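Everything below concerns the one structure shown next.
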Amino acid sequence: MPLEGFGVFQVPDPAVCEQAVLDAIATGYRLIDTAAAYMNEEAVGKAIAKCGVPREELFITTKLWVQDASYEGAKKAIETSLRKLGLTYIDLYLIHQPMGDYIGAYRAMEEACKEGKLKAIGVCNFYPNRLADLCETVDVMPAVNQVELHPFFQQESALALMKEYGVVPEAWGPFAEGNHGIFTHPVLTAIGQKYGKTAAQVALRWNVQRGVVVIPKSVHKERMEQNMDIWNFQLTDEDMAEIAKLDIGHSEIVDHSAPGFVKMLHGMKIHD
Ligand SMILES: NC(=O)c1ccc[n+]([C@@H]2O[C@H](COP(=O)([O-])OP(=O)(O)OC[C@H]3O[C@@H](n4cnc5c(N)ncnc54)[C@H](OP(=O)(O)O)[C@@H]3O)[C@@H](O)[C@H]2O)c1
258 MPLEGFGVFQ VPDPAVCEQA VLDAIATGYR LIDTAAAYMN EEAVGKAIAK CGVPREELFI
318 TTKLWVQDAS YEGAKKAIET SLRKLGLTYI DLYLIHQPMG DYIGAYRAME EACKEGKLKA
378 IGVCNFYPNR LADLCETVDV MPAVNQVELH PFFQQESALA LMKEYGVVPE AWGPFAEGNH
438 GIFTHPVLTA IGQKYGKTAA QVALRWNVQR GVVVIPKSVH KERMEQNMDI WNFQLTDEDM
498 AEIAKLDIGH SEIVDHSAPG FVKMLHGMKI HD
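Numbering (the working numbering), first residue to last: 258 to 529.
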């Protein structure tokens, strides 16, 4: 699995999404992260078909939506994603939310893995007690848990649990989706200045240095290039310690523990 990838959340326009994925692949990204709920799997598939990079060099992730979180639902959803992406296999298939009958869905995913339709399976947004529940229940450990991870929400204890179960952490919202003034944050900016890097690059580098896969999103090619240019410098222990102090210990984007949020996601239908 590449340590850095490209996310396409909130890129609903098919033409914009297709071009963004083509630009990202041309920039050097090989991991593309989409989801059934992003409503852009077809556009991602078109870019994959056109990009000129052999399929086996790409690493395609998509996700099962809450509406399909059941054994039968997941069986169908996997086929739908394969069709929309125009692929014969998906490199990494994730349960998008720890909601609905996710154990039933996971069983279907284990079977699809054996059939070669999915190369690896995992989850998103599984906070520690959900992750422990899943890992204690299933046969195949989730390969990945994709959760919100950035300098303002660092989740060290969640990372420790993932390590215990051998689950790779992957950061969604590695820029906190632009919140908290991340791109001009004084601490990140000052650290970056030492290396000729931006606050954005420092935020990504900090995550990869602590073993977290990052999937930044941008529809701007120069930002895609900037976000990929993080492999030629190293943050010191002192830099890492400075960034550790920025943690506010909670998300400012979503509250997975709020019943209203869970209800809202259950109500979000992506097909009939
Ligand atoms: N599993 C889940 O529940 C979940 C949830 C959220 C996201 N994700 C995945 O994680 C990916 C990344 O997260 P995200 O898209 O939510 O947020 P993000 O990557 O933290 O932030 C994206 C925002 O940052 C801007 N940006 C990107 N690079 C920049 C740079 N170098 N300088 C200044 N601004 C920059 C982008 O603007 P422009 O596009 O205008 O450049 C966009 O507004 C998603 O695309 C998706 O694949 C998964």
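Here a beta-carbon is modelled for each residue, glycine too, at the ideal position from N, C-alpha and C.
Because the structure is a prediction, the values reported are computed rather than measured.
Judged by DSSP in its simplified three-state form, P385 adopts helix. Excluding its 5 nearest sequence neighbours in each direction, K333 has C-beta neighbours in its own chain below 8 angstroms: D325, listed in chain order.
Close CB contacts of I472 within its chain, under the 6 angstroms cut and outside five residues either way in sequence, are with G262, G264 and D290 (chain order).
A straight line joining the alpha-carbon of M497 with that of Y328 spans about 42 angstroms. In this model, A294 and G468 are separated by some 27 angstroms (Cα to Cα). Taking C-alpha positions only, V425 is separated from S338 by approximately 23 angstroms.
Of the candidates H513, A377 and E393, the residue whose Cα lies closest to the Cα of E421 is E393. Counting of Cβ neighbours within 10 angstroms places I335 among the buried residues, the total reaching 16 or more. Considering only L418, T493, W322 and K474, the residue with the shortest C-alpha distance to G449 is T493. Remark: the C-beta of C274 is outside contact range of ligand 1, defined as less than 7 angstroms to any heavy atom. For F490, there is no enclosing beta strand (DSSP E), since its DSSP letter is neither H nor E.
Remark: the C-beta of H513 is outside contact range of ligand 1, defined as less than 7 angstroms to any heavy atom. Membership of F518 in the alpha helix (DSSP H) is indicated by the continuous run P516 to G524. Counting only the Cα atoms, V397 lies some 9 angstroms from G379.
For T345, the closest of K478, M356, K320 and K376 by C-alpha to C-alpha distance is K376. Per DSSP, the unbroken alpha helix (DSSP H) holding K371 starts and ends at Y359 to K371. For the pair V395 and L351, the CB atoms are not nearer than the 8 angstroms cut-off.
Judged by their CB atoms, I505 and F409 are nearer to each other than the 8 angstroms cut-off. The three-state secondary structure of T284, taken from DSSP, is helix. In this structure, A433 has its beta carbon less than 7 angstroms from a heavy atom of ligand 1.
Taking the Cβ of A457 as the reference point, at least one heavy atom of ligand 1 falls within a distance shorter than 7 angstroms.
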